[in-house]
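Numbering (the working numbering), first residue to last: -18 to 238. We put the CB at the ideal spot given by N, CA and C, even for glycine. Quick caveat: nothing in here was measured; it's all calculated off a predicted structure.
So this is what it looks like as structure tokens:
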């Protein structure tokens, strides 16, 4: 268990395997009733506040989206004392405001994933999980107070951010077809990613405050000015690196609040 309060837990997505601004880092590897998390949890200080960081895909990006143990990740952060979780999700942009290198704090979510363990009460193949069936309210999938704090921190820090949007969570690990993105646009999605669910729903079941900071790494298939654009991993990583340059400043402002 943590020996001091963790003010914020940050979960990093594709291209975000460490939080370089963390100081005095300790490493924790808690085992939960759902198994082991994706990798070690790094706990340190940022702006004088204790922050935990976990790479969702593992620090070597070894876990595809559908094989991540989302339950173990969140339960491990909670066991260390975290009550607020900021999820960093690398996404594609669908609608006009969400081009590459944009930061966004979405307020809605549509789940297109399948076959993933999506609730604490489900028992997995190794007998982990179970318990009372939970019917949590999920009309607002992200915690309003934490979302507002993130948006206000970005404003105070002078970090450009779109303060709304609908995140569509797809199965992956392949990227989507043009027809799938066209359907998602008709459904009202502004962003597409592969890890938004079941993470958000499980956070609600665990009673954690949870918000998403979406980092747009590319236009989704057929959505950008060049409909024939081929998305490469290097382009994604370059856009993520550029978009997150001011992330430490945003986090420090958020923690100061």
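Next item on the list: Taking only the alpha-carbon atoms, compute the straight-line gap between residue 97 and residue 235 and give it to the nearest angstrom.
Entry: The sequence position of residue 97 within the chain shown is 116, counting from 1. The sequence position of residue 235 within the chain shown is 254, counting from 1. Between the alpha carbons of residue 97 and residue 235 lies a gap of roughly 32 Å.
Is it true that the stretch 23 to 30 meets the stretch 121 to 133, where meeting means three or more beta-carbon pairs spaced less than 8 Å apart? Taking a cut-off of 8 Å on C-beta distances, the stretch 23 to 30 does not touch the stretch 121 to 133, as fewer than three cross pairs fall below it.
Item to check | Residue range of the alpha helix (DSSP H) that includes residue 137 | outcome: Working through the chain shown from its first residue, we reach residue 137 at position 156. According to the DSSP assignment, residue 137 belongs to the alpha helix (DSSP H) that extends over 125 to 138.
**OP:** Alpha carbon to alpha carbon, how far is residue 56 from residue 146? Give it in angstroms, no decimals.
**Re:** As a position in the chain shown, residue 146 is number 165, starting the count at 1. As a position in the chain shown, residue 56 is number 75, starting the count at 1. Residue 146 and residue 56: Cα-Cα distance of roughly 27 Å.
* Asked: Would a C-beta distance cut-off of 7 Å place residue 84 and residue 224 closer than the cut-off?
  -> Here residue 84 refers to the residue found at position 103 of the chain shown. Here residue 224 refers to the residue found at position 243 of the chain shown. Between residue 84 and residue 224, the C-beta gap is smaller than 7 Å, which places the two residues in contact.
(request) Could you say if the stretch 12 to 22 and the stretch 35 to 44 meet the contact criterion of at least three C-beta pairs nearer than 8 Å? (result) With a cut-off of 8 Å, the stretch 35 to 44 and the stretch 12 to 22 count as touching, because enough Cβ pairs lie within range.
Ignoring anything shorter than 3 residues, give me the beta strand (DSSP E) runs that lie fully in the stretch -10 to 71, in order along the chain.
Runs found: 4 to 9, 22 to 27 and 30 to 36.
Worksheet item: Can you tell me where the alpha helix (DSSP H) with residue 160 in it begins and where it stops?
Response: Taking the chain shown and counting its residues from 1, the one referred to as residue 160 is at position 179. Note, residue 160: alpha helix (DSSP H), 159 to 168.
| message | Going by C-alpha to C-alpha distance, which of 168, 229 and -3 sits closest to residue 91? | response | Residue 91 sits at position 110 when you count from the first residue of the chain shown. The shortest Cα separation from residue 91 among 168, 229 and -3 belongs to 168.
Just verifying my parser: in three-state terms, what is the DSSP assignment at residue 89? Here residue 89 is taken as the residue at index 108 of the chain shown, counted from 1. Look at residue 89 here: in three-state DSSP terms it is strand.
Just tell me which of 99, 4 and 43 has its CA closest to the CA of residue 150. Indexing the chain shown from 1 puts residue 150 at position 169. In terms of CA proximity to residue 150, 99 leads the group 99, 4 and 43.
Legend entry - Span separating the alpha-carbon of residue 7 from that of residue -3: On the chain shown, position 26 is the one that residue 7 refers to. On the chain shown, position 16 is the one that residue -3 refers to. Those two C-alpha atoms are separated by around 18 Å.
### Task
Would you mind reading off the limits of the beta strand (DSSP E) that contains residue 174?
The residue labelled residue 174 in the question sits at position 193 within the chain shown. Per DSSP, residue 174 belongs to the beta strand (DSSP E) from 172 to 174.
Check whether residue 184 and residue 72 have beta carbons under 7 Å apart:
The count along the chain shown starts at 1 and reaches residue 184 at position 203. The count along the chain shown starts at 1 and reaches residue 72 at position 91. Annotated as distal: residue 184 and residue 72, with beta-carbon spacing of 7 Å or more.
Residue 60 and residue -8 look like a contact to me (Cβ under 8 Å); what is the Cβ gap, rounded to whole Å? In the chain shown, counting from the first residue as 1, residue 60 sits at position 79. In the chain shown, counting from the first residue as 1, residue -8 sits at position 11. Not quite, the Cβ-Cβ distance comes to about 15 Å (not below 8 Å), so this is no contact.
Option nearest residue 137 by Cα separation, candidates 233, 40 and 194: For the purposes of this step, residue 137 is identified with residue 156 of the chain shown, where counting begins at 1. Distances from the alpha-carbon of residue 137 to those of 233, 40 and 194 put 233 closest.
One or two residues paired with residue 190 in a DSSP bridge = Residue numbering aside, residue 190 sits at position 209 when the chain shown is read from its first letter. Partner(s): 65.
In the DSSP assignment, what are the bridge partners of residue 200? For the purposes of this step, residue 200 is taken as the residue at position 219 of the chain shown. DSSP lists 74 as the beta-bridge partner residues of residue 200.
field: residue 192 vs residue 127 beta-carbon contact at 7 Å
entry: Residue mapping note: residue 192 aligns to position 211 of the chain shown, counting from 1. Residue mapping note: residue 127 aligns to position 146 of the chain shown, counting from 1. With respect to residue 127, residue 192 sits close: the two C-beta atoms are nearer than 7 Å.
Q) Identify the residues that DSSP records as bridge partners of residue 249: which are they? A) No answer is possible for residue 249: it lies beyond the span of the chain, which begins at -18 and ends at 238.
*asked:* Out of 197, 14 and 182, which one is the CA nearest neighbour of residue 119?
replied: Taking the chain shown and counting its residues from 1, the one referred to as residue 119 is at position 138. Nearest C-alpha to residue 119: 182.
Exercise for the section: Hey, could you find the ends of the alpha helix (DSSP H) residue 141 is sitting in? Expected result: The count along the chain shown starts at 1 and reaches residue 141 at position 160. Residue 141 -> no alpha helix (DSSP H), and no H or E assigned at all.
Rounded straight-line distance, which links the Cα of residue 49 to that of residue 171 = Position 190 of the chain shown, counted from the first residue, corresponds to residue 171. Position 68 of the chain shown, counted from the first residue, corresponds to residue 49. Distance between residue 171 and residue 49, taken at the CA atoms: about 24 Å.
query: Quick one: what's got a C-beta closer than 6 Å to residue 153's C-beta in the same chain, skipping five residues either side?
result: Locating residue 153 in the chain shown gives position 172, counting from the first residue. Around residue 153: 46 and 175.
Three-state secondary structure assigned by DSSP to residue 183: Taking the chain shown and counting its residues from 1, the one referred to as residue 183 is at position 202. Residue 183 falls in the helix class under three-state DSSP.
### Task
Return helix, strand or coil for residue 235, following the three-state DSSP convention.
Against the chain shown, residue 235 aligns to sequence position 254. In the structure shown, residue 235 falls within a helical segment according to DSSP collapsed to helix, strand and coil.
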